[in-house]
Amino acid sequence: RKEANSFSQHSTMLWTFRHEKSLGLLTTKFVTLLQEAKDGVLDLKAAADTLAVRQKRRIYDITNVLEGIGLIEKKSKNSIQWKGVGPGCNTREIADKLIDLKAELDDLALREHELDQQRVWVQQSIKNLYYSKYNGYCRLINVALSNAKNLYIPYENQSWSDTLICTCGR
């Protein structure tokens, strides 16, 4: 039992050591260092020393990814500049934009609900037209027009009341 407990402590220590050396944690520390740098400009050699990184290749891996997604730009061979927002930055402008977008989303949801309700009413109106009050059937024509201004469709051998005249507002 003592051996199992010793193994458990060893694996916990190993996991803690590996976690402290992980690329994800190193990236988090690197970005924090970069955001806190004067004018957002950071010397990579100084960053490697500050973060106690033995393999500078890991720093270059991080900078290549950050440059690829547009968060940094190279100023010189060993110097980079942060282009993103500052640490913990949630500017008023971003918050206002978020409020506007949420309001727009609410308006669109309300409009969608209104359109859904109108669609239901139109479907019911079509059913009501199709089945007359005497259980007879009516003829319905569905016409889709793109640029027409007037549509005149007389039915052969039918009275004027069976003629369809449509004047579109275009």
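Heads up, the final residue of the sequence shown is numbered 276 in our numbering, and it's a clean run with no missing numbers. We treat Cβ as the ideally placed atom computed from N, Cα and C, and that holds for glycine. If you're wondering where the values come from, they're calculated on a predicted model, not measured in any experiment.
Suppose you measure from the CA of K208 to the CA of D149; what does that come to, to the nearest Å? The sequence position of residue 208 within the sequence shown is 102, counting from 1. The sequence position of residue 149 within the sequence shown is 43, counting from 1. Using only the alpha carbons, I get a separation of about 40 angstroms.
To which residues of the same chain is A153 closer than 7 angstroms at the C-beta, ignoring the five residues directly before and after it? Sequence index remark: in the sequence shown, residue 153 carries index 47 (1-based). Result list for A153: F136, L139 and I165, in chain order.
Which first and last residues belong to the alpha helix (DSSP H) in which L148 is found? Indexing the sequence shown from 1 puts residue 148 at position 42. Segment V147 to D149 is the beta strand (DSSP E) holding L148; no alpha helix (DSSP H) there.
Please report the distance separating the alpha-carbon of L204 from that of L214. Position 98 of the sequence shown holds residue 204. Position 108 of the sequence shown holds residue 214. So the two alpha carbons sit approximately 15 angstroms from each other.
Let me know if R276 comes out buried or exposed under the rule of 16 or more other beta-carbons within 10 Å of its beta-carbon. Numbered from 1 along the sequence shown, position 170 holds the residue referred to as residue 276. Because the pLDDT of R276 is 46, which lies under 50, any placement of that residue in the model is unreliable, and the number read from its coordinates should be weighed accordingly. So R276 counts as exposed.
Mark W188 as exposed unless 16 or more other C-beta atoms lie within 10 angstroms of its C-beta, in which case mark it buried. Mapped onto the sequence shown, residue 188 falls at position 82. It is buried - the Cβ of W188 has at least 16 other Cβ atoms within 10 Å.
Specify, as a first and last residue, the run of the beta strand (DSSP E) that K181 falls within. The sequence position of residue 181 within the sequence shown is 75, counting from 1. That run of the beta strand (DSSP E) goes I178 to S182.
With a Cβ-Cβ cutoff of 7 angstroms, do I178 and I186 count as a contact? To locate residue 178, count along the sequence shown from 1; it is residue 72. To locate residue 186, count along the sequence shown from 1; it is residue 80. Closer than 7 angstroms, so yes.
In or out: L172 buried (at least 16 other Cβ within 10 Å) or exposed? Within the sequence shown, the letter at position 66 stands for residue 172. Classification for L172: buried.
Is DSSP giving I175 helix, strand or coil here? For the purposes of this step, residue 175 is taken as residue 69 along the sequence shown, with counting starting at 1. In this structure, I175 counts as coil in the three-state DSSP scheme.
What is the C-beta distance between V147 and K181, in whole angstroms, given that I count them as a contact (C-beta under 8 angstroms)? Taking the first residue of the sequence shown as 1, we reach residue 147 at position 41. Taking the first residue of the sequence shown as 1, we reach residue 181 at position 75. That pair is a contact at about 6 angstroms.
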